[in-house]
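Those letters in the sequence shown? Residues 12 to 181, by the working numbering. Backbone N, C-alpha and C fix where the C-beta goes; we use that ideal spot for every residue, glycine too. Here is the structure we will look at.
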Amino acid sequence: MTKKTYLRHLASEADKLFNGQTIEQFAAICYRRQSDSQDVEVLLITSRESGRWVIPKGWPMDKKLPHQVAEREAWEEAGVKGKASKKSFGYYTYLKSLDTGTTVPSVVQVHLLEVGSVSAQFPESGQRRLKWFAPNEAAAQVREPELKGLLRMVEGALARNTKTKGTATK
């Protein structure tokens, strides 16, 4: 699906967005720093249905805060263990295809998750491919325009967080 086609399809569902007929999901942008250069990489996974590149995301869970859901989805879908920021990094919208064949706009709250470890064995291993990308390369791989923007902002946000933490400890 081309960018124009995707945006046209999303726009056709705008009335659902404006009328609050949306679903909510929580997601993680999983990142790591290369030890030798401190360059940032982000992890993309393939969706089970279409095989397109996405980030781990899922439905709200009882007794779990949004950042905890993001951590859980990162484990289940990508084998990632790490610490997600409690504060959301941003939001993006996409059209979720339901089992009924209909689509509904999904508003996804995204959290940055610093990867501590990656396991080869996890609940959805064998159902998805995983690949590390530089943030700008990751942005080029995903379809959703708002997610592209969030991925392009990762390095700057992490640099600001590091700078803020450094001055707070002095």
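Note that the stretch 44-55 does not touch the stretch 72-79; fewer than 3 beta-carbon pairs, one per stretch, sit closer than 8 angstroms.
With fewer than 16 neighbouring CB atoms inside 10 Å of its own CB, R140 falls in the exposed class. The DSSP-derived three-state label of E135 is coil. Cβ neighbours of A85 within its own chain (closer than 6 angstroms, five residues either side excluded): A39, C41, P67, V91, L124. In this structure, the straight-line span from the alpha carbon of V80 to that of L106 is close to 20 angstroms.
Following the DSSP letters along the chain, one finds P116 inside the beta strand (DSSP E) bounded by residues 114-129. Note: G101 is bridge-paired with V121 in the DSSP secondary-structure output. When rounded, the separation of the alpha-carbon atoms in S130 and K94 is 15 angstroms. Across the set Y103, L161, F133, the C-alpha of F133 shows the shortest separation from the C-alpha of E87. C-alpha of Q45 to C-alpha of D110: approximately 40 angstroms in a straight line. L162 is the residue among V153, Q49, L162 whose C-alpha sits nearest the C-alpha of V121.
Across the structure, V119 and Q36 are spaced so that their CA atoms are roughly 5 angstroms apart. With a cutoff of 7 angstroms on beta-carbon distance, W64 and V126 are scored as not near each other. For the pair P156 and T33, the CB atoms are not nearer than the 7 angstroms cut-off.
When G69, E148, S48, K142 are compared, the shortest CA-CA separation from G62 is found for K142. When C-alpha distances from E148 are compared across Q138, S136, M164, the shortest belongs to M164. In this structure, Y102 sits away from L158, with a CB-CB distance that is not shorter than 7 angstroms.
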